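Per the numbering used here, the very first residue in the sequence shown carries number 33; after that it's consecutive.
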Amino acid sequence: MSHKRREERRQRQPAQDGEIRWAAVLRAIVLSGGVALLVIAAMVPSEAAVSGGTYAPLAAGWCLLLVIYAASLCLDERPEIRVGWTEFTGLALVGWHSLAAMVSLGHTNGRQTLNAHWLILGYGLTALLLRQTIRTTKEAKSLVAAMIWLATLLASLGLYQYFYSAPLRRTEYERDPEKFLEAEQIPTDKDSPLRQQFENRIRSVEPLATFGLTNSLAGVLAPWLIGVLAIGYACFRSGGQWRTVIAMLLIAAILAACLLLTKSRTAYLATIAGVVLLALFGGRRSRSSWLNWQIPAGLAAATVVLGLAAVFFGGLDLQVLTEAPKSVLYRIEYWRATAKIIAQYPVFGCGPGNFQEAYTAFKLPEASETPADPHNFLLEIWATAGTPAVLLLLALLVAFAADIAAIQHLRNVKTPVDDDQPVADPKWLVLAGAMVGLLVSAPVGSALGYPLDSVSLTLRSLPQVWLLGIPLLAAIWWSLNRWLDCELDTGELPLSATIVPQLVLLINLLAAGAMVFPAVISTALVLVPVALCIAGLNARHETVARTSPRSPALPIQLKPSVLFGGLALIGALLLTVTCFYTEYYPVLNGHRALAEAMYRLEIKDYREAPGKLIAAAEADSLAPEPRRLLAELLLGRWEATESPHDWQDFSETADAYRQLDPRHHAASYTRGTWFLTAWKKSGHRQDLDVALAAFREAIQRYPNHAFYHAQLAWGLHLAGDDAAARKEAEIALNLDQKMPHQEQKLARRHVADPDPNAKPPRAFLVENAEQTAQRLRIIAVEEKP
């Protein structure tokens with residue numbers, strides 16, 4: 033049926049009172065479901081979205097919502113799709129990122145690659161569905177109110193941790209450290225890096241809320257603090273909104289208090305910039321004042337381009353910021369190494385989700401750590417998905433600005449008709465979605481292996497976010513009730529309240545990264561469609577919108593046919609099935625099976641553990657961790673039996689682990705220790721040769737790691753090649769001299785020297801790695817192992 037015939041049918045058969053408008057019902061489900069997914073994304077650790085697959089259920093959820101939206105197009109008598117430069121550029125960016133992911137499969141950690149692929153695709157679906165769903169002022173305001181509640185909940189949880197739960201936890205640890213470490217499954221050895229990291233974390237006073245990094249929490253709080261201030265100021269100017277103004281001031285106080293406690297310098301700087309921008313532009317009423325943004329936007333764009341060029345051509349050096357704080361110096365180290373990754377992989381990048389694996393090959397000798405991202409969202413997308421990806425990301429920012437400017441010059445803007453209105457009050461739809469998301473987040477977190485912190489009550493324990501979030505949601509909804517019901521002229525949601533927070537977020541992301549942290553990026557994914565909606569609603573109230581001599585080519589409102597709706601539904605179904613079978617099922621089933629296997633290992637049930645690990649490996653064929661654990665078990669079995677069949681099982685599993693994580697230096701080092709153990713047991717020279725090759729491969733993946741050179745030196749010494757051993761020992765000691773961080777010095781490590789025949793069996797040399805390297809450097813030529 034053509035659009036014209038459908039229009040004629042609609043005019044002949046107007047909607048009857050009480051008739052169910054299924055298209056509107058489905059759009060309401062998309063809105064409520066989208067809010068629920070946004071809440072869940074903030075409740076599970078964003079930092080594990082790629083490495084741990086915590087975004088898997090959310091990606092599947094957005095795919096299902098896409099199916100529902102496509103079905104609404106088929107049922108709608110007057111379907112409408114809003115498209116502009118933002119949508120087209122975003123589609124191109126997601127498409128190129130997906131292509132980069134497909135190209136890197138087989139050469140990288142495939143599980144992390146697919147996790148990153150579905151994460152970025154989920155971002156695209158989030159922005160797209162919200163853009164098509166948010167059509168009225170109430171819908172836009174309700175969504176913003178839900179995000180303000182979510183940010184306030186995270187801030188409240190951070191304050192609760194700072195003043196109560198974290199001090200209590202530190203007291204419990206200091207009372208009996210050994211018992212506490214055993215309960216947390218942390219090694220009790222005082223020299224253990226895991227114990228040191230745990231102690232540093234537990235002694236840290238910065239709040240985390242549901243995040244693993246305090247900078248991630250700050251990245252959420254800073255933009256919404258600016259947004260709350262902008263809305264509060266707009267309500268103050270409009271008058272008659274004192275309850276809303278007071279609520280916004282209280283919310284701003286909570287957000288600001290927690291933000292200050294995070295000690296995030298980048299977020300501080302971004303917040304200050306946001307306050308300045310609000311002071312300059314937040315009070316302007318005329319939509320034509322958007323042109324005044326051209327000057328700061330142009331300066332910012334020029335700065336970004338010059339900065340990227342400096343990184344790419346090596347013009348950014350440590351000497352530029354010799355007096356800068358350590359955090360800035362660390363970022364310069366990250367960016368210098370990232371520039372080498374970009375030069376090595378200019379077109380498709382090193383592979384989405386595999387930055388850390390590629391980073392170690394270019395890590396500076398003096399660098400302190402191996403970050404999961406370069407702490408700059410532009411460099412992150414450039415390094416992992418190639419030059420076209422970063423160009424498309426920059427183009428996306430320009431496209432959004434162009435669409436905002438173009439919308440304000442549209443003429444003959446369509447006023448919503450009854451069929452465009454939701455089937456229920458949007459504030460209750462959004463409230464329901466927020467409540468469902470809050471309640472469902474607890475089982476989702478547990479299923480992913482990240483249970484929410486609980487508070488023990490009289491009868492049972494309840495998640496902290498429930499106890500804080502439910503009353504907070506009720507209080508915010510009550511205090512903002514009038515604001516949610518007001519139209520733009522009496523309860524304004526200013527355009528500055530949707531754009532300035534995005535600029536704050538981008539400024540923060542220039543030095544904090546977090547491109548793959550869903551809870552942080554959700555701010556932009558929500559505010560971009562809200563800003564486009566508000567700009568369009570504002571244009572309807574402006575005379576210039578009616579008298580403009582010509583309308584721009586984009587954005588436009590498409591009227592798709594039934595055929596388009598059917599094809600969209602088929603495509604959405606195919607995408608959903610693909611998501612379920614490549615990420616959702618493998619990740620969740622793999623998590624569950626691996627958890628069962630880990631339990632068997634904890635209770636030392638080595639008879640059942642191999643079968644559980646095989647089940648975990650089969651559940652997620654791309655995950656390397658089950659193969660690593662299985663290989664260690666099979667190696668131990670072979671040591672006990674020396675059976676050729678057991679050796680074959682171990683060898684095949686070790687090779688599978690190597691293929692699943694081919695770029696990770698730790699995978700190569702682990703392989704080396706396995707075959708070094710086998711050589712100590714069997715005496716077969718080929719096992720030692722495999723171990724030496726693995727250690728060399730680890731050095732290739734991490735050339736500036738002093739410990740790996742010390743390990744290779746010891747292996748060469750065991751092989752009788754003392755000249756090569758002395759050379760590697762010299763390299764190890766030289767690199768150790770360049771390392772200023774004591775926790776990474778050779779004196780804190782021990783070279784692997786497994787001896788299964790010793791009583792008790794030995795895994796490492798007693799002397800530290802520095803002593804081993806010193807001994808090998810001066811060893812006599814005639815000395816034999």
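Note that beta-carbon positions come from the ideal geometry of N, C-alpha and C, so glycine has one too. Small disclaimer: the values here were computed from a predicted structure and weren't measured.
Practice prompt. Leaving aside the five residues before and after Ile-283 along the sequence, list all residues of the same chain whose C-beta is less than 7 Å from its C-beta, in chain order.
Written response: Ile-180, Thr-184 and Val-260
Practice prompt. Throw me the rounded Cβ distance for the Phe-394 and Lys-372 pair, which I believe falls under 8 Å.
Written response: 4 Å
Discussion item. Output needed for Phe-727: all residues of its chain with C-beta closer than 8 Å, excluding positions within five of it in sequence on either side, in chain order.
Written reply: Ser-700, Tyr-701, Gly-704, Tyr-740, Gln-743, Leu-744 and Gly-747
Worksheet item: Is Arg-114 helix, strand or coil when you go by DSSP?
Response: strand
Worksheet item: With 16 as the cutoff for other CB atoms within 10 Å, does Phe-380 come out buried or exposed?
Response: buried
Worksheet item: Whose CA, out of Leu-396, Ala-479 and Phe-212, lies closest to the CA of Pro-77?
Response: Ala-479
Discussion item. My assumption, with CB atoms under 8 Å, is that Leu-661 sits in contact with Leu-309. Please give the rounded CB distance.
Written reply: Incorrect: roughly 51 Å between the Cβ atoms, too far for contact.
Worksheet entry | Burial state of Gln-193 (16 or more Cβ within 10 Å) | buried
Worksheet entry | Straight-line gap, Glu-729 to Leu-692 (C-alpha atoms, nearest Å) | 15 Å
Worksheet item: So who's on the other strand from Val-721, going by DSSP bridges?
Response: Note on residue identity: the sequence assigns Asp, not Val, to residue 721. Its beta-bridge partners do not exist; DSSP assigns none.
Practice prompt. Tell me, to the nearest whole angstrom, how far the beta carbon of Thr-555 is from that of Leu-146; I am working on the premise that it is less than 8 Å.
Written response: About 25 Å; that fails the 8 Å criterion.
Worksheet item: Residues in its own chain within less than 7 Å of Ile-263 by CB, not counting five upstream and five downstream?
Response: Met-280, Leu-525 and Ala-529
Discussion item. Between which two residues does the beta strand (DSSP E) holding Ala-795 run?
Written reply: 794-796
Item to complete: Could you check if Ala-672 is buried or exposed, using at least 16 other CB atoms within 10 Å of its CB as the buried criterion?
Response: exposed
Practice prompt. Starting from Pro-495, follow the beta strand (DSSP E) in both directions and report where the run begins and ends.
Written response: 493-495
Discussion item. Taking only three categories from DSSP, how would you classify Asp-405?
Written reply: coil
Worksheet item: If you compare alpha carbons, which of Ala-91, Trp-94 and Gly-122 is closest to Gly-560?
Response: It should be pointed out that residue 560 corresponds to Val in this sequence rather than to Gly. When each option's Cα is compared against that of Val-560, the closest is Gly-122.
Worksheet entry | Leu-750 versus His-697: straight-line alpha-carbon distance, rounded | 22 Å
Fill in: According to DSSP, residues forming a beta bridge with Val-487
Leu-494
Worksheet item: Would you call the CB atoms of Asn-800 and Ala-784 closer than 8 Å?
Response: no
Worksheet item: In chain order, what residues of the same chain lie with their CB nearer than 7 Å to the CB of Ala-805, ignoring the 5 residues before and after it?
Response: Ala-742, Ala-745, Ala-761, Ala-764, Leu-765 and Leu-778
Worksheet entry | Top-ranked residue by Cα proximity to Asn-247, from Leu-541, Ala-738 and Asn-141 | Leu-541
Item to complete: Closer than 6 Å by C-beta to Gly-597: which residues in its own chain qualify, once you throw out the five before and the five after it? Chain order, please.
Response: Leu-105 and Cys-106
Fill in: Close beta carbons around Met-840, own chain, < 7 Å, minus the five adjacent residues each side
Residue 840 lies beyond the range of the chain shown here (33 to 817); nothing can be said about it.
Worksheet item: With DSSP run on the structure shown, which of helix, strand or coil describes Asp-208?
Response: coil
Practice prompt. May I ask which residues mark the beginning and end of the beta strand (DSSP E) holding Leu-175?
Written response: Counting along the chain, Leu-175 falls outside any beta strand (DSSP E), though it belongs to the alpha helix (DSSP H) covering 169-192.
Worksheet item: Sorted by chain position, which residues of the same chain lie with C-beta nearer than 7 Å to Arg-363's C-beta, five sequence neighbours on each side aside?
Response: His-407 and Ala-543
Worksheet entry | Where Ile-588 falls: helix, strand or coil (DSSP) | strand
Discussion item. Is the separation between the beta-carbon of Ala-466 and that of Val-71 shorter than 8 Å?
Written reply: yes
Worksheet item: Could you give the C-beta distance for Trp-117 and Thr-158, rounded to a whole number, given that I count them as a contact under 8 Å?
Response: Their Cβ separation, rounded to whole angstroms, is 19 Å, which puts Trp-117 and Thr-158 out of contact at 8 Å.
Worksheet item: Can you list the alpha helix (DSSP H) stretches of 4 or more residues lying completely in the segment 217-302, in chain order?
Response: 225-235, 246-270 and 274-294
Discussion item. DSSP three-state label for Pro-199, please.
Written reply: helix
Discussion item. Which residue marks the beginning of the beta strand (DSSP E) containing Pro-786, and which one marks its end?
Written reply: 784-787
Worksheet item: Whose C-beta lies closer than 7 Å to the C-beta of Gly-630 among residues of the same chain, with five residues either side of it excluded?
Response: Reading off the sequence, residue 630 comes out as Met, not Gly. For Met-630, where only same-chain residues beyond five positions count, there are no Cβ hits under 7 Å.
Worksheet entry | Range covered by the alpha helix (DSSP H) that runs through Arg-660 | 657-673
Worksheet item: Relative to the alpha-carbon of Gly-190, which residue among Lys-295, Leu-97 and Asp-753 has its alpha-carbon at the smallest distance?
Response: Lys-295
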